[in-house]
Amino acid sequence: MNIIFKKEGLYILLLLTIILSAPVFGQKKKSRKEKKKTEQEQSQPESGLSLTDFKPTKINSVVKLPGLKFPNINRVKYFRDGGMLAQISRLERNKQWDEYRTVLYKYVTSFGIENFLQKEDMDLMWRLANVSEYLGDRALAKETYRLVLRHYRGDVTKAIQHYEELALFDKPLYANIEDYYRLVEKRALIDTLTPPEDVLIDMGPEVNSQFSDYGMTLGGENESELLFTSNRSGRDTSAFNQQFNPKHANEDIYISHKTDFDMWGIAEPFEEINTNYNEGSPYLSKDGNTLYFIRCMTPDGYGDCDIYYSKKQEDGTWGEAVNIGNKINSYAWDSHPSLSITEDTLYFASDRKGGFGNSDIYFSVKDSNGHWGKARNIGPFINSRGSEISPHPHAKYPVLYFSSSIGVVSFGGFDIYKSFIIDGEFSEPKNVGPLVNGPGDEYYFAIDAAAKQLYYAKSPVKGSPNLDLQSFPLPMEAKPNNTVRFSGRVVEPTTGEVFKGVVTIIDLSDRVEVAPKKIRDDGSFDFELVNEKKYLLVIEGDNFFQIEEIFFVEGDKHVQIPAISVNSSLSFASIDFDPGSATLKPEMENNLHLVIEFLVKHINYRLVVTGHTDSDGKSEDNLKLSKARAESIKEFIINYGELDDNRVIADGKGDNDPIVVHPETEEEKRLNRRVEFKIFLDEYRISVPVND
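Numbering (our numbering), first residue to last: 1159 to 1850.
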């Protein structure tokens, strides 16, 4: 069902202030006021509540501890053990840091949900992160700092500082997306590269309306059915919605079928399910025979909005809608149902009491008799002190997607994240990147089984209350199977100089977009890619020549990338004129394009091309030949780079400036036959000799 979100404050860096969310339909007036107050208390930093650095004075041997797990989350509401707390205090006084950390770890990993809401307990988690950092356990320190960032209800500035230091060389540094599109467009013009698919497609008037359309799911054979929520019917429903929520007083489920031309047909109301109450957030089982959805403020409901299901009958009609029961539904808002790969786990969002934040993601497991078990909170790695909604397990890969207002990496309001499910545990959520997420809110989404398309609701104009359904090619960062790590380091091979720049990867196999990243301060970069595919690597910077390399991914790969500074000398063996000739050969062009790329990108630079020959033949003939060769190169650079003629100067020295004064071998003569490039800007010159 649709949710109206209220934003307060400014989203700075990571999590200094929180984007608020509040589901408003199907709730009593009194509970809405109470809920608003509760959300403000939970989400905004409390005045005077801050973290204090804790530094051990003596460091003992490092005892590695396993990653954090919280087995008590759905067992106890609040954990407290006075004996363990006394032991922690004693070990701290005695500076027994290894034992201190071990006991502190056991205490923190025994937390229930309410511990995450209490300052004293989050201070213990902060201390665990601190002592792990100072004892050298960087992995546990980073993991714990991330939890502090997600759950601490005070000023998290110190936690940000500590985490940023530890994650300096492994966090993603996304570059300007507009630069990426500029590069792709330029490549498409100069060679045969087919650019990635990057078109956001409105699903058209057959599906969308002048009212809000959102909350979709794909179903049927080959995912040929699109079910979604819309308030286009104009039908009055409950008295509550008419009074308190008129914009969404007529939410119904609609269905569109894919035509023979791979287009979506005209959407029609799902009459067998729709009633005078609000229906929405449909989810269809893989076989197309069970529909899960939401119905609000009904006589047989348990709270504001409940999850229902309906089964398809033998004659193709849909049976009576059945409330899924109070093991899942609550007195509060319960919505956004979805099923795991095996369809024995139901995920949903709820704003019931007892969670980590405003709304949390919960799950229920079906037993051997086909009965759904009691709903359980998915835990602190997915949920936060903010709001988590729209859980979407992928149909083929063990990955859970969801939307969250809190994230260590965030691009705006609600962003879409993904978490890999490994041995029943959820990995640290990863933001799916700037090609999907933006400064607004991204939620109400679905991803097809082939992991090629993302469907989601988006406002046609920023700030517009109207939502339309859109589709977008799923970029690399959002893929459920981008599990191969491709990493590298860009350095000057002789001096070890590290360069600043941008790394772009273009998928040559499937035309999947990959968001560009900045080179880190240590020269490193990394991407997560789909295995067994061919890619083009492009690295650009202001102080080195552009690097391009085609590579094939087979498992994790790390590469050292030698970068050639524009301030250093460079020889290209490919610049090799035939004797007595000034005609360029095709094999010379790739390296000349490096110079062209630099001049095109750096408009304040100019170039002097100087030709040199060996001492064979007459000096006057060598002088003419060297000038002719320089002119040939100038003409090529000017024409292909579409540069002004005055940006390139051609000159020739003949045999007057040899590298080897008395050459005796053919190799020594070849060193003297060269073309020298002098790139200059303002008061300094950059010499780049290129051997021919």
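Cβ atoms here follow ideal geometry from the backbone N, Cα and C, with glycine treated the same way.
Just to confirm the assignment, what range does the alpha helix (DSSP H) spanning residue i have?
| i | result |
| --- | --- |
| D1281 | K1277 to Y1292 |
| K1811 | Premise fails: K1811 lies in the beta strand (DSSP E), V1806 to G1812, not in any alpha helix (DSSP H). |
| E1825 | E1824 to N1830 |
| D1779 | S1777 to G1799 |
| E1257 | W1255 to V1266 |
| Y1321 | T1315 to L1324 |
| L1694 | Element bounds for L1694: not the alpha helix (DSSP H) but the beta strand (DSSP E), K1692 to E1698. |
| R1248 | G1240 to R1251 |
Rounded to the nearest angstrom, what separates residue i and residue j at their Cα positions?
| i | j | result |
| --- | --- | --- |
| R1805 | P1633 | 39 angstroms |
| F1630 | M1280 | 40 angstroms |
| R1832 | H1770 | 5 angstroms |
| D1581 | I1540 | 16 angstroms |
| V1766 | F1835 | 6 angstroms |
| E1383 | G1713 | 36 angstroms |
| L1757 | V1648 | 21 angstroms |
| Y1601 | Y1559 | 10 angstroms |
| G1654 | H1415 | 59 angstroms |
| G1377 | L1449 | 10 angstroms |
| D1813 | V1696 | 38 angstroms |
| V1234 | Q1276 | 15 angstroms |
| G1775 | I1664 | 49 angstroms |
| D1802 | Y1763 | 12 angstroms |
| R1669 | L1783 | 46 angstroms |
| D1295 | K1264 | 16 angstroms |
| N1436 | L1666 | 46 angstroms |
| N1481 | D1680 | 57 angstroms |
| N1624 | V1724 | 52 angstroms |
| S1548 | K1588 | 15 angstroms |
| T1315 | N1535 | 28 angstroms |
Which first and last residues belong to the beta strand (DSSP E) in which residue i is found?
| i | result |
| --- | --- |
| M1374 | D1371 to G1377 |
| K1616 | Q1611 to K1616 |
| A1299 | Segment R1296 to H1309 is the alpha helix (DSSP H) holding A1299; no beta strand (DSSP E) there. |
| K1576 | D1573 to I1580 |
| A1507 | T1503 to S1508 |
| E1437 | E1437 to L1442 |
| G1852 | Absent from the model: residue 1852. The displayed extent of the chain is 1159 to 1850, so no value can be given. |
| S1468 | C1463 to K1469 |
| R1678 | Element bounds for R1678: n/a, residue is neither H nor E. |
| P1720 | K1715 to P1720 |
Identify whether residue i lies in helix, strand or coil by the three-state DSSP scheme.
| i | result |
| --- | --- |
| F1105 | Only positions 1159 to 1850 of the chain appear in this structure, which leaves residue 1105 out of reach. |
| F1756 | helix |
| F1630 | strand |
| N1535 | strand |
| L1384 | strand |
| G1184 | With a pLDDT of 32 at G1184, under the threshold of 50, the modelled position of this residue cannot be trusted; read the value that follows with caution. Looking at G1184 - three-state DSSP - the assignment turns out to be coil, as it is neither helix nor strand. |
Count the other CB atoms within 10 Å of the CB of residue i; is the residue buried (16 or more) or exposed (fewer)?
| i | result |
| --- | --- |
| L1627 | buried |
| N1389 | buried |
| R1787 | buried |
| K1419 | The identity of residue 1419 in the sequence shown is Phe, whereas the question assumes Lys. Burial call: exposed. |
| E1671 | buried |
| P1651 | exposed |
| P1638 | buried |
| R1678 | buried |
| S1777 | exposed |
| D1239 | exposed |
| K1222 | exposed |
| D1736 | exposed |
If we call anything under 9 angstroms between Cβ atoms a contact, is residue i one with residue j?
| i | j | result |
| --- | --- | --- |
| L1694 | E1706 | yes |
| K1511 | S1522 | no |
| I1574 | V1557 | no |
| I1795 | L1829 | no |
| F1584 | G1537 | yes |
| L1226 | E1322 | no |
| K1676 | Y1339 | no |
| K1715 | S1645 | yes |
| V1753 | F1709 | no |
| A1721 | G1699 | yes |
| D1504 | S1517 | Note that residue 1504 is Leu in the sequence shown, not Asp. Cβ atoms of L1504 and S1517: not closer than 9 angstroms. |
| K1157 | V1711 | Residue coverage of the chain in this structure runs from 1159 to 1850, which leaves residue 1157 outside it and unanswerable. |
| G1483 | G1438 | no |
| F1386 | P1440 | yes |
| R1304 | L1286 | no |
| R1309 | F1514 | Looking at the sequence provided, one finds His at residue 1309 rather than Arg. A contact, by the Cβ cut-off of 9 angstroms. |
| G1477 | K1470 | yes |
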